[in-house]
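Protein chains in written order, with the numbering used here: chain R, 1026 to 1316; chain Y, 52 to 333. Beta carbons: idealized from backbone N, C-alpha and C, even for Gly.
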Amino acid sequence: QLTQGFENFFRHLRGHGKLTEDNIRESLREVRRILLEADVNFKVVKQFIQNVQEKALGQEVLRSITPGQLVIKIIHDELVALLGEGVSRLDLSSLPPVPVMVVGLQGSGKTTFIAKLGLHLRRKGKFPLLVAGDVYRPAAIDQLQQLGRQLDLPVWAPGVQDPVDICRDGMAEARRTGRDVVLLDTAGRLHIDEPMMQELARIREALKPPEILYVADGMAGQDAVRAAQEFQQRLDFSGIVLTKLDGDAKGGAALSIRAVTGKPIRFIGTGEKTDALEEFHPDRMANRILG
Amino acid sequence: LSSHPRIDEDLYAELEEALLTADVGVQTAEDILQALRDKVRRASAMSDDNAANVRALLGEVIAEMMAPAARENGLNLSARPAVILVVGVNGSGKTTTIAKLARKFQQDGRRVLLAAGDTFRAAASEQLSMWGDRLGLPVISQGAGADPAAVAFDALQAAKARGVDLLIIDTAGRLHNKANLMQELSKIGRVLKKLDADAPHEVLLVLDANTGQNMVQQARVFQDISGVTGLVVAKLDGTAKGGAVISVCHELNLPVRFIGLGEKMDDLDEFDPEAFARVLLG
Ligand SMILES: Nc1nc2c(ncn2[C@@H]2O[C@H](COP(=O)(O)OP(=O)(O)OP(=O)(O)O)[C@@H](O)[C@H]2O)c(=O)[nH]1
Ligand SMILES: Nc1nc2c(ncn2[C@@H]2O[C@H](COP(=O)(O)OP(=O)(O)OP(=O)(O)O)[C@@H](O)[C@H]2O)c(=O)[nH]1
Ligand SMILES: [Mg+2]
Ligand SMILES: [Mg+2]
């Protein structure tokens, strides 16, 4: 129903003759509603509408004979600009083995993403090692080991209790066996769980990973920003991964997290299988959010 | 919130923001504020309408929307064995919720059996089996790739044979827009009915409190296809308020039975609409 709303709205706007300032403000109220219903964060929507309004209330629009078309273009372009400039790649240029740390809230899709990323990197000629750093969730290590077996990728699970030791040990194992990328799985945790957030800080301190990927659920709502900000403050992560975009959630959290952290969206998860990983395209995401 | 001495449009704007940032959704927020205005109008007729009371009235509106008629009755667990099917999208907290439910019912004195109905995801049955070990409860499971309906059938047969009070069946996470996966779920229901026409007696949808507006569509489809009878809202120990659940309760007449407040087996509470409203309004 959301898609219909946007399509109807844009069709109406496109067919409109000259626009008055009131027409424009009314249109932007509708855009605000659409973005909120798409799960874009309240404050991000406010800022976005302000930015669009400044441009949309300009003389160019008010004088145009197809102002609706112009307003739509402003909205679309503003959204794409906010989502990031095109495909962003992982930085794996440092001396191997390069650690990549994967973090996020519970159940966001980290372990599955690590398997997917391992497969993706191997297809690009890398030799990934997966490290099972989640010692808390029942059968989490088992889960990564099974995924490793399915993909014929090595999984390091040294059977010790401290995730910091496990990650350090994983790096040593990578050196021993000539693996050039080390994907570190960590337990899901709340951004307000102090000891668990400190554990991540300790892993980061020990390994200094050039890539820390924050994995967020594509159907997340308003609070997505709060968790992302807290993870960013603690870890200054380098990139974002959005999962479960094979669902029918609009994915406004993508815009929110990106707008608030300024970090690039590196990948999106589009399915449960290990090949369901895609690079992020801002224009496609804009179209999805706008319906 | 509500530091206004007067009830004016600024106050309503502030309340709207609080609701929207709690994932209440634009339409539901409008409905809530309209219901609030009605309550305030009635209260002012009794000159009881100061701003401090508005907050209490708002809490009432929310609590009322979350207490659908369906909630009047408790869980339907009188059958022996009673069967609870647990469903929901990927990663919402189903398997962990089952461990918590098993713990609760075990403490209530019931004999519980678990079924590892997720035969798809890596180490899903191992995860449930570990919980079974911690709880001292048996878990029916088959090899990876087994037909989940077959596991459910075997489990109900075993439950009857062993005279347990309660069978809780885990299922694989699935996105509601995947028709084939939703069909798999309705097949599980049909297969259970071969052994007991009333099974599953409860179908609990586990919702992740972090979810935005998509929650409503999730619930709608799961309800249509698998006959959801109740909700569990997991991960309310985080900072997400789960406001979209209000729309789910209100539009689909589904009761929230429990909330998940953590990752341990005791981290489950009975749902209290007033407490939920209080936390939501901060
Ligand atoms: N449909 C779909 N499911 C996904 C995707 N990514 C992950 N999943 C599923 O989401 C669920 C959670 O995935 P996990 O990889 O276990 O998530 P996690 O973040 O490691 O969870 P914790 O370690 O408990 O925090 C599983 O059922 C996965 O199969 C995706 O892109 N699409
Ligand atoms: N903080 C918190 N974490 C929870 C809660 N419930 C579940 N979790 C965590 O969320 C993650 C996913 O939980 P699962 O029980 O595996 O979820 P699931 O729905 O069975 O996942 P799939 O079977 O993969 O679809 C795990 O890390 C759990 O520990 C809760 O109430 N609070
Ligand atoms: Mg994991
Ligand atoms: Mg599960």
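Check: Roughly how many whole angstroms lie between the Cα atoms of residue 171 of chain Y and residue 1084 of chain R?; Outcome: 58 Å
Check: Of all the residues that make up the region 1193-1213 of chain R, which are near chain C by a beta-carbon distance shorter than 7 Å?; Outcome: Here chain C cannot be found, since the structure's protein chains are R and Y.
Check: I'd like to know if the region 121-135 of chain Y and the region 1113-1123 of chain R are in contact, where contact means that at least 3 CB-CB pairs between them fall below 8 Å.; Outcome: no
Check: Per the DSSP calculation, residue 262 of chain Y is bridged to which residue(s)?; Outcome: R/1245
Check: Please list the residues of the region 1255-1284 of chain R that have a C-beta atom closer than 8 Å to any C-beta atom in chain Y, keeping them in chain order.; Outcome: 1269, 1271, 1272, 1273, 1274, 1275, 1277 and 1278
Check: Go through the residues and name those whose CB comes closer than 7 Å to any heavy atom of ligand 3, in chain order.; Outcome: R/1135, R/1136, R/1159, R/1162, R/1165, R/1168, R/1210, R/1212 and R/1213
Check: Quick one: residues in its chain with C-beta nearer than 8 Å to the C-beta of residue 84 of chain Y, no 5 flanking neighbours on either side, listed in chain order?; Outcome: 63, 66, 67 and 70
Check: Do residue 207 of chain Y and residue 246 of chain Y count as a contact pair if the criterion is CB distance below 8 Å?; Outcome: yes
Check: For residue 52 of chain Y, would you say it is in contact with chain R, using Cβ-to-Cβ distances shorter than 8 Å as the test?; Outcome: Only weak support is given to the placement of residue 52 of chain Y: the predicted model assigns it a pLDDT of 45, under 50, and the question is left unresolved by the model.
Check: Could you list which residues in chain R have their beta carbon closer than 7 Å to that of residue 143 of chain Y, in chain order?; Outcome: 1132
Check: Among Y/256, Y/211 and Y/164, which one has its Cα closest to the Cα of residue 192 of chain Y?; Outcome: Y/164
Check: Curious, which full-length alpha helix (DSSP H) runs of at least 4 residues does the region 192-272 of chain Y contain?; Outcome: 199-213 and 230-244
Check: Where does residue 1153 of chain R fall in DSSP's three states?; Outcome: strand
Check: When every heavy atom of ligand 4 is checked, does at least one fall within less than 7 Å of the C-beta of residue 146 of chain Y?; Outcome: yes
Check: Residues of chain Y with CB under 7 Å from residue 1159 of chain R, in chain order?; Outcome: Ordered by position in chain Y, no residue passes the 7 Å Cβ test against residue 1159 of chain R, which lies about 11 Å from the chain.
Check: Check residue 1027 of chain R in the structure and name its three-state DSSP category.; Outcome: With a pLDDT of 37 at residue 1027 of chain R, under the threshold of 50, the predicted position of this residue should be treated as unreliable, though the coordinate-derived value follows. Reduced to three states, the DSSP call for residue 1027 of chain R is helix.
Check: Answer yes or no: the CB of residue 277 of chain Y versus the heavy atoms of ligand 6, is any distance below 7 Å?; Outcome: You won't find ligand 6 in this model; what it holds is ligand 1, ligand 2, ligand 3 and ligand 4.
Check: Does the distance between the C-beta of residue 286 of chain Y and the nearest non-hydrogen atom of ligand 2 fall short of 7 Å?; Outcome: yes
Check: Any beta carbon of chain Y sitting closer than 8 Å to that of residue 1067 of chain R?; Outcome: yes
Check: Run through chain Y and tell me which residues come within less than 7 Å of residue 1058 of chain R, C-beta to C-beta.; Outcome: 77
Check: Just grab the DSSP bridge partners of residue 1268 of chain R for me.; Outcome: R/1242
Check: Would residue 68 of chain Y count as contacting chain R if we go by Cβ distances under 8 Å?; Outcome: yes
Check: May I ask you to verify whether the region 1147-1156 of chain R touches the region 1308-1316 of chain R, counting CB pairs closer than 8 Å and requiring at least 3?; Outcome: no
Check: Of the residues R/1182, R/1177 and R/1178, which one's Cα is nearest the Cα of residue 1167 of chain R?; Outcome: R/1182
Check: What is the C-beta distance between residue 1141 of chain R and residue 1045 of chain R, in whole angstroms, given that I count them as a contact (C-beta under 8 Å)?; Outcome: Not really, about 50 Å apart at Cβ, beyond 8 Å.
Check: Quick check on the burial criterion: 16 or more other C-beta atoms within 10 angstroms. Buried or exposed for residue 1185 of chain R?; Outcome: exposed
Check: Please report the distance separating the alpha-carbon of residue 263 of chain Y from that of residue 77 of chain Y.; Outcome: 12 Å
Check: Taking contact to mean 3 or more Cβ pairs, one atom from each stretch, closer than 8 Å, check whether the region 1123-1140 of chain R and the region 1230-1242 of chain R are in contact.; Outcome: yes
Check: Mind reading off the beta-carbon distance from residue 155 of chain Y to residue 318 of chain Y? Whole number of angstroms is fine, and I expect it under 8 Å.; Outcome: Contact flag wrong, Cβ pair sits at about 11 Å.
Check: Could you compute how far the alpha carbon of residue 73 of chain Y sits from the alpha carbon of residue 1060 of chain R?; Outcome: 15 Å
Check: Taking 7 Å as the cut-off, is the C-beta of residue 1177 of chain R nearer than that to any heavy atom in ligand 4?; Outcome: no
Check: Flag residue 1295 of chain R as yes when its Cβ comes closer than 7 Å to any non-hydrogen atom of ligand 1, and as no otherwise.; Outcome: yes
Check: In the DSSP assignment, the beta strand (DSSP E) including residue 1126 of chain R goes from what residue to what residue?; Outcome: 1123-1128
Check: Helix, strand or coil, according to DSSP, for residue 111 of chain Y in the structure here?; Outcome: helix
Check: Would a check of beta-carbon distances place residue 116 of chain Y closer than 8 Å to chain R?; Outcome: no
Check: Answer yes or no: the CB of residue 1242 of chain R versus the heavy atoms of ligand 4, is any distance below 7 Å?; Outcome: no
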